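In what follows, a single structure is set out as structure tokens and then discussed.
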Ligand SMILES: Cc1cc2nc3c(=O)[nH]c(=O)nc-3n(C[C@H](O)[C@H](O)[C@H](O)COP(=O)(O)OP(=O)(O)OC[C@H]3O[C@@H](n4cnc5c(N)ncnc54)[C@H](O)[C@@H]3O)c2cc1C
């Protein structure tokens, strides 16, 4: 007999997202965090649109958009020449921008959301060891006053960051490498004509990135190329020198709140699940901050896992649902690692001939709107999909394939104009009938799986036609498309739902 269904180890952004989602799905848990206080460092600066869509599903996206700074454009310059301007503005999402917000704020907003939901993060408690068994996991928790406590849980979720006690405890290989180039960063104020855009400068000495923060602050990142001697620590002078040599010129950096040197590790575990133990976030994957994907990918790990744990713990499904977590998220982790490493290596080429070739190719490719669109969609994580998952079944529709993200669209639902994201089920599956001749069948079918399935019937017109097309869709609780069938294939939709839900 366990003390609690889930123990969440670690209360960084991923542990907090995990706790919020478990709470929202009505799962009892304990979430423990070693540190007495939240980080005051800005670390992960950007929240991408897909994460904002999921925060909307969680009920807290407005908190983030009220505080963060939306940035709709990115610019890439090579040796001073503008070679690419990428706009997020035209992307079909309610959040067509990169939202700049320091990680300290992200953690604050998630913790406040958790408290509003009636949950809490228990601070100054550390998971020191654990014993995984076939039916439970016995965890040892150490309190700040020296007391230790044993907690038996059904599932342990590791959100304990890059140096994960859980990963070490399982003796998992964190396979990968440390990039040879070191970087420095400064969160500073800048005087001068600095555009409010995400700006990258490829310079013969190395790369420089300028990212807008709040209240006139910017993050400046530069690699320590051959022209800069390897220093002991990052200084304002070094940041200024990188700005002068590689950047826009005429810009003065002052009032630093964070200066740091860092090296990049590209590492990942092969499997995110080991029996009753799950790994998420930096405990499972770490990589270059190029592309700003680390925290976003981790938060999405949490959204993927939370509903699966909830349905399993409530006895509504078998273990086969939890089996899908690792293949789905590990494939995403592989892709994110690959892309981030590629971006970093391109940006830090130091051979003049290789730089010349890179600049020529990038300038030619980025002339095409289609290439800029692909780049923007990759950054925004809106293209993340699970095509090979056991949860992705059926046939492609006009616009979507099983496993794709369920996009928002203006829809006519039961004769009323609605945004799809406002009516999609936030607690379970949605059976979405688009242009179906026999709409009542959707309601009857959903009723068989009450309260886990909600039926929505929408006309196949306008954005619904353009983004979905006529057909029968089962949308997963994390707003990915699980099943697609023809508008009359209720039998197939029922078999799909019965596979994943006990009626
Ligand atoms: C300079 C920099 C820039 C970055 N920029 C971006 C960006 O723009 N976009 C992006 O998406 N990502 C970015 N990242 C990455 C991002 O910061 C991480 O991916 C993110 O913090 C991972 O969150 P996490 O919750 O998995 O781990 P962490 O943030 O490390 O949190 C783990 C938590 O677990 C606690 N803990 C550890 N062990 C235990 C234990 N045994 N028991 C209890 N508690 C424990 C720790 O105290 C900590 O609070 C950046 C990182 C850096 C360093």
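Numbering (our numbering), first residue to last: 9 to 511.
Beta carbons: idealized from backbone N, C-alpha and C, even for Gly.
Owing to the predicted nature of the structure, the values given are computational and were not obtained by experimental measurement.
8 Å Cβ shell around residue i - same chain, five flanking residues per side excluded
| i | result |
| --- | --- |
| residue 235 | Here the model assigns residue 235 a pLDDT of 47, short of 50, so the residue's position is not dependable and the matter cannot be decided. |
| residue 31 | 37, 122, 125, 126 and 127 |
| residue 336 | 312, 394, 397 and 399 |
| residue 407 | 474, 475, 476 and 477 |
| residue 97 | 80, 81, 104 and 105 |
| residue 489 | 400, 408, 409, 410, 411, 412, 413, 414, 481, 482 and 483 |
| residue 114 | 21, 52, 55, 72 and 303 |
| residue 44 | 131, 132 and 152 |
| residue 144 | 10, 160, 161, 162 and 284 |
| residue 26 | 16, 39, 165, 167, 288, 310, 313 and 314 |
| residue 324 | 460, 509 and 510 |
| residue 308 | 58, 59, 62, 337, 340, 389 and 392 |
Whole-number beta carbon distance between residue j and residue i, since they are thought to touch under 8 Å
| i | j | result |
| --- | --- | --- |
| residue 142 | residue 285 | Incorrect: roughly 12 Å between the Cβ atoms, too far for contact. |
| residue 47 | residue 111 | 6 Å |
| residue 356 | residue 189 | 5 Å |
| residue 202 | residue 226 | 7 Å |
| residue 222 | residue 77 | 6 Å |
| residue 167 | residue 23 | 3 Å |
| residue 241 | residue 304 | So it is not a contact: roughly 29 Å between Cβ atoms. |
| residue 219 | residue 206 | 6 Å |
| residue 384 | residue 99 | 6 Å |
| residue 437 | residue 461 | 5 Å |
| residue 191 | residue 230 | 7 Å |
| residue 243 | residue 267 | 6 Å |
| residue 274 | residue 377 | The pair is not a contact, with the Cβ atoms about 31 Å apart (cut-off 8 Å). |
| residue 178 | residue 282 | 5 Å |
| residue 334 | residue 279 | 5 Å |
Neighbourhood of residue i by C-beta distance below 6 Å, restricted to the same chain and skipping five residues each side
| i | result |
| --- | --- |
| residue 103 | 57 and 60 |
| residue 42 | 134 |
| residue 434 | 65 |
| residue 370 | 91 |
| residue 463 | 439, 450, 451 and 454 |
| residue 428 | 416, 417 and 419 |
| residue 373 | 379 |
| residue 68 | 121 |
| residue 11 | 159 and 160 |
| residue 270 | 191 |
| residue 150 | 134, 136 and 156 |
Proximal residues to residue i (C-beta, below 7 Å), its chain only, five neighbours per side dropped
| i | result |
| --- | --- |
| residue 426 | 419 |
| residue 352 | 187, 272, 296 and 298 |
| residue 263 | 196 and 197 |
| residue 479 | 405, 442, 492, 493, 494 and 495 |
| residue 118 | 21, 24, 25 and 28 |
| residue 146 | 138, 139, 158 and 160 |
One or two residues paired with residue i in a DSSP bridge
| i | result |
| --- | --- |
| residue 147 | 138 and 159 |
| residue 210 | 86 and 215 |
| residue 174 | Note: residue 174 sits in no beta bridge, so no partner. |
| residue 262 | 197 |
| residue 192 | 230 and 269 |
| residue 133 | 151 |
| residue 81 | 95 |
| residue 411 | DSSP lists no partner for residue 411. |
| residue 14 | 37 and 163 |
| residue 488 | 413 |
| residue 185 | 274 |
| residue 418 | 427 |
| residue 401 | 491 |
| residue 466 | 421 and 442 |
| residue 282 | 285 |
*Evaluate the contact criterion for the region 160-180 versus the region 278-292: three or more CB pairs, one atom per stretch, below 8 Å.*
yes
*asked:* Taking contact to mean 3 or more Cβ pairs, one atom from each stretch, closer than 8 Å, check whether the region 336-352 and the region 293-304 are in contact.
replied: Inter-segment contact for the region 336-352 and the region 293-304 is present: three or more beta-carbon pairs are separated by less than 8 Å.
*asked:* Taking contact to mean 3 or more Cβ pairs, one atom from each stretch, closer than 8 Å, check whether the region 254-272 and the region 143-159 are in contact.
replied: no
_Under 8 Å, with one C-beta from each stretch per pair, do the region 309-328 and the region 480-490 reach the 3-pair mark?_
yes
*Can you find at least 3 beta carbon pairs, one from the region 83-93 and one from the region 356-370, that sit closer than 8 Å?*
yes
*Inter-stretch contact (C-beta, 8 Å, three-pair minimum) for the region 446-458 and the region 496-507*: yes
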